[in-house]
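Quick notes on the structure that follows.
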Ligand code: ZN
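In this note's numbering, the protein residues as written are 23 to 184.
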C-alpha cells in the first residue's frame with residue numbers, strides 16, 4: 023500500500039539541523055503515527071512521503087517555508103517586567119502559554135533587563151532548514167472514526183482525550 027490521502031502512516035524519524043545536531047527523534051520510543059493529507063505533519067515532509075511504501079527509508083531536506091515557516095520579527099516583543107505575575111522568578115529560556123486571539127501561543131523568554139522582558143512567540147523550529155531521516159514502518163487505511171476526527175489513533179489507543 024502506498025502513502026496517499028487518508029492513509030495512516032507509522033514511521034521512525036530523526037530530525038537534524040544544518041549542523042547535524044539532532045533536534046528530535048522517535049528512536050527508542052513508539053513510531054510517530056499520523057493521518058496523511060490532513061496537515062498532521064509539516065507540509066514538506068508530507069509531500070516527500072506521498073507515494074512511498076512500508077519498509078522504505080528516505081532522507082529529506084525541508085526548507086523553513088515548508089516546515090515551521092520563517093522567523094517573524096513581529097513575534098518578538100518587549101514587555102515590562104511588572105506585567106508578569108512573578109517578575110523575580112523570570113529566567114532566559116523559560117516558556118509560557120498565552121491565550122491569544124488565534125488560540126494558545128507559546129512564548130519563550132529570550133532576554134531580560136531589570137525593566138524589560140523580551141519574549142519570542144516563534145515556533146522553536148521556525149526559520150530552520152530541517153533534515154529528516156525517515157523509515158516507514160507501516161501504511162494502512164484510516165478507520166471511519168479517524169477520518170471523522172482528522173487524525174490517527176495510535177495502535178494502543180493512546181494520545182488524546184475526546
Ligand atoms: Zn481522535
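Glycine included, each C-beta is placed from N, C-alpha and C at the ideal position.
As the structure is a prediction and not an experimental result, all values here were calculated from the model.
Bridge partner(s) assigned by DSSP for residue i
i, result
"residue 125", "122"
"residue 162", "30"
"residue 133", "140"
"residue 157", "34, 79"
"residue 46", "37"
"residue 24", "75"
CB-CB length for residue i against residue j, believed under 8 Å
i, j, result
"residue 58", "residue 31", "5 Å"
"residue 90", "residue 147", "4 Å"
"residue 154", "residue 45", "Contact flag wrong, Cβ pair sits at about 10 Å."
"residue 24", "residue 159", "With 8 Å as the limit, residue 24 and residue 159 do not qualify as a contact, their Cβ atoms being about 15 Å apart."
Residue i - DSSP class collapsed to helix/strand/coil
i, result
"residue 87", "helix"
"residue 102", "strand"
"residue 40", "coil"
"residue 111", "helix"
"residue 54", "strand"
"residue 152", "strand"
Spatial distance of residue i from residue j (CA atoms)
i, j, result
"residue 180", "residue 53", "With a pLDDT of 48 at residue 180, under the threshold of 50, the modelled position of that residue is not reliable, and no figure is offered here."
"residue 78", "residue 95", "39 Å"
"residue 111", "residue 166", "48 Å"
"residue 139", "residue 73", "47 Å"
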